[in-house]
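For the sequence shown, this note's numbering gives the first residue as 1, with consecutive numbering after it. C-beta: ideal position from N, C-alpha, C; glycine also.
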Amino acid sequence: GVRRSPYRTLILFGLSARTKDRLLVRMCHDFFRRFPTSERLLQGWADGDLDRIVRVGQKPFIESAAQVIRDHEGVVPRDRDGLKQIKGVGEKIAGCVIAYGWGGEALPLDGNACRLVERVSGIAAGVPVQLLRASLKSLYLSHRPWMDQRGLAMVDLHEIIRLHAQTVCTKAPACFRCPVAICLSRQAEYQTDTFPEVDPASWQDWRELLLEPVTVSRDED
Numbered sequence: 001g002v003r004r005s006p007y008r009t010l011i012l013f014g015l016s017a018r019t020k021d022r023l024l025v026r027m028c029h030d031f032f033r034r035f036p037t038s039e040r041l042l043q044g045w046a047d048g049d050l051d052r053i054v055r056v057g058q059k060p061f062i063e064s065a066a067q068v069i070r071d072h073e074g075v076v077p078r079d080r081d082g083l084k085q086i087k088g089v090g091e092k093i094a095g096c097v098i099a100y101g102w103g104g105e106a107l108p109l110d111g112n113a114c115r116l117v118e119r120v121s122g123i124a125a126g127v128p129v130q131l132l133r134a135s136l137k138s139l140y141l142s143h144r145p146w147m148d149q150r151g152l153a154m155v156d157l158h159e160i161i162r163l164h165a166q167t168v169c170t171k172a173p174a175c176f177r178c179p180v181a182i183c184l185s186r187q188a189e190y191q192t193d194t195f196p197e198v199d200p201a202s203w204q205d206w207r208e209l210l211l212e213p214v215t216v217s218r219d220e221d
């Protein structure tokens, strides 16, 4: 079956820094049309096409990614240390590649997810992300049998947190829409199970960008 691509996951999250979602989707479609696989990137990243696809400030990331992939025999690293050799890749992006690309156990936790965890736990804002990750990972592992029975991986826990933070527990939280009864920062009673409208196309585009191409035709060179 079709699986997620570590290469495409790395590129998508690496380009996502300071890039709006709609622009990011279009940029990644253009990028993967020209460089659908890591092999194609290694063959052609220096041929000038990069300049018309990504912004100037994003080129060092792409160039560094190509160099590190080459150093790892044409494969995106599976480990944090290897991934963090790439310019612009820190803990969060490395975690995204491990979780979404390689299917490993990681909790990337962006700013939205951190805000939700802080609110539910009733802890002060600004707790180090590493501590939040460690606490959530410990929580997941302590409930591992229950999670396994329901087919939930650690990355699924991250997705649930991320989506809830982006749609309900936003900067201005819609507590009346939130069914999380144990939240220690609740400002209003839960009143409705009607959630904000989310454009399904945007999520579908995002997910499809992470998938390995089924075929790579010669005319994409």
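Rounded to the nearest angstrom, how far is the Cβ of residue i from that of residue j, given a contact under 8 Å?
i: R34; j: D49; result: 5 Å
i: V97; j: L10; result: 5 Å
i: V25; j: W206; result: 7 Å
i: H101; j: V76; result: Sequence inspection shows Gly at residue 101; the His mentioned does not correspond to that position. Contact flag correct, Cβ pair sits at about 7 Å.
i: R4; j: L211; result: 6 Å
i: C28; j: L157; result: Wrong, their Cβ atoms sit about 25 Å apart, outside the cutoff.
i: V120; j: V180; result: 6 Å
According to DSSP, residue i sits in a beta bridge with which residue or residues?
i: L211; result: R4
Alpha carbons only, please: which of the options is nearest the one belonging to residue i?
i: A134; options: G95, W102, T170; result: G95
i: N112; options: E91, H72, E159, E212; result: E159
i: E39; options: Y7, D30, S16; result: Y7
i: G74; options: Q58, A181, T37; result: T37
i: R55; options: K20, E212, R119, P77; result: K20
i: A17; options: F61, P179, R177; result: F61
i: G14; options: A65, L42, D30; result: A65
i: L109; options: G103, Q130, S121; result: Q130
i: L139; options: W45, A106, R3, V127; result: A106
i: A153; options: T167, A99, E208, R119; result: A99
i: G122; options: Q67, K92, I182, C178; result: I182
i: E63; options: L42, C28, D81, P179; result: L42
i: R52; options: V68, F31, T192; result: F31
Worksheet item: Does the stretch 162 to 182 come close enough to the stretch 103 to 122 to have 3 or more Cβ pairs within less than 8 Å?
Response: yes
Item to complete: Check whether the stretch 78 to 87 touches the stretch 133 to 149, taking contact to mean three or more Cβ pairs, one atom from each stretch, closer than 8 Å.
Response: The way I'd put it, the stretch 78 to 87 doesn't touch the stretch 133 to 149; fewer than three beta-carbon pairs between them come closer than 8 Å.
Fill in: Minimum length 4: unbroken alpha helix (DSSP H) runs contained in the stretch 69 to 119
80 to 83, 91 to 96
Practice prompt. Output the residue ranges of the alpha helix (DSSP H) runs that lie fully inside the stretch 8 to 75 and measure 4 residues or longer, sorted by chain position.
Written response: 21 to 34, 38 to 44, 50 to 53, 59 to 71
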